[in-house]
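Numbering-wise, the sequence shown is residues 132 to 271 according to my numbering. The beta carbon of each residue, even a glycine, is placed where N, CA and C say it ideally should be. Predicted, not measured: the structure shown is a model, and the values here were computed from it.
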Amino acid sequence: VKIVYKLIIAFVAVSIFYVSLYFAASELGGEVVQLIRNDSEGSTTSIRVWIVDARDQAWIEHGDTNSFWIKRLSSEPEVSLIRGGAEIKYTAITDIGSHEIYHDLRREKYGIADRIIELLSFGAAHRNNCTGIPVRLDPV
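Okay, structure coming up:
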């Protein structure tokens, strides 16, 4: 019976450590912006995401080809980001061709936090396994 309690306590401790490390890496690993977008219920949702920049372009990656908001970008491309305390409107364009550059820029900007997320996602966040679609943000 004592071994069962010890196993339960160990499982809970490892779970708390895992969630805490994932949260710390994603929230404290570098710049996090708020993406304001429409959801499938017709309301507005705020999601915290990483952002990368190069050559006067910005990209985020949140969602795959089955995501409601990704599908909707072709007809309603306007999104807002809260970045540095200011809300900025963008035209969002799916940019599958930028997948490699997005991941290169993300690794450069977020470094160890990016590596931790890859590790904790069991490789799902790695560029070779990632199903996310980069979204280029053009200022309105």
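How is the beta strand (DSSP E) around residue i delimited, first residue to last?
i: residue 264; result: Unbroken run through residue 264: none, as it is neither H nor E.
i: residue 186; result: No beta strand (DSSP E) holds residue 186; DSSP gives it neither H nor E.
i: residue 223; result: 217-225
i: residue 210; result: 209-214
i: residue 179; result: 175-181
If contacts are defined as beta-carbon pairs under 8 angstroms, then residue i and residue j qualify, I think. What distance do you get, rounded to the angstrom?
i: residue 226; j: residue 267; result: 4 angstroms
i: residue 214; j: residue 164; result: 5 angstroms
i: residue 265; j: residue 233; result: 4 angstroms
i: residue 258; j: residue 231; result: 7 angstroms
i: residue 212; j: residue 166; result: 6 angstroms
Residues in its own chain within less than 7 angstroms of residue i by CB, not counting five upstream and five downstream?
i: residue 184; result: none
i: residue 238; result: 245
i: residue 269; result: 221, 222 and 224
Using a 10 Å radius around the Cβ and a threshold of 16 neighbouring Cβ atoms, would you call residue i buried or exposed?
i: residue 243; result: exposed
i: residue 210; result: buried
i: residue 249; result: buried
i: residue 179; result: exposed
i: residue 192; result: buried
i: residue 182; result: buried
i: residue 189; result: buried
i: residue 157; result: buried
i: residue 229; result: buried
i: residue 144; result: exposed
i: residue 223; result: buried
i: residue 155; result: exposed
i: residue 256; result: buried
With residue i as the anchor, note down where its alpha helix (DSSP H) starts and where it stops.
i: residue 231; result: 230-251
i: residue 159; result: 133-159
i: residue 203; result: 199-203
In chain order, what residues of the same chain lie with their CB nearer than 6 angstroms to the CB of residue i, ignoring the 5 residues before and after it?
i: residue 160; result: 241 and 244
Beta-carbon within less than 8 angstroms of residue i's beta-carbon, same chain only, minus the 5 sequence neighbours each way: which residues are those?
i: residue 152; result: 247 and 251
i: residue 195; result: 201, 262, 263 and 264
i: residue 207; result: 169
Mind the definition here: the segment 172-179 touches the segment 138-154 only if three or more C-beta pairs lie below 8 angstroms; say whether that holds. With contact defined as three or more Cβ pairs closer than 8 angstroms, the segment 172-179 and the segment 138-154 are not in contact.
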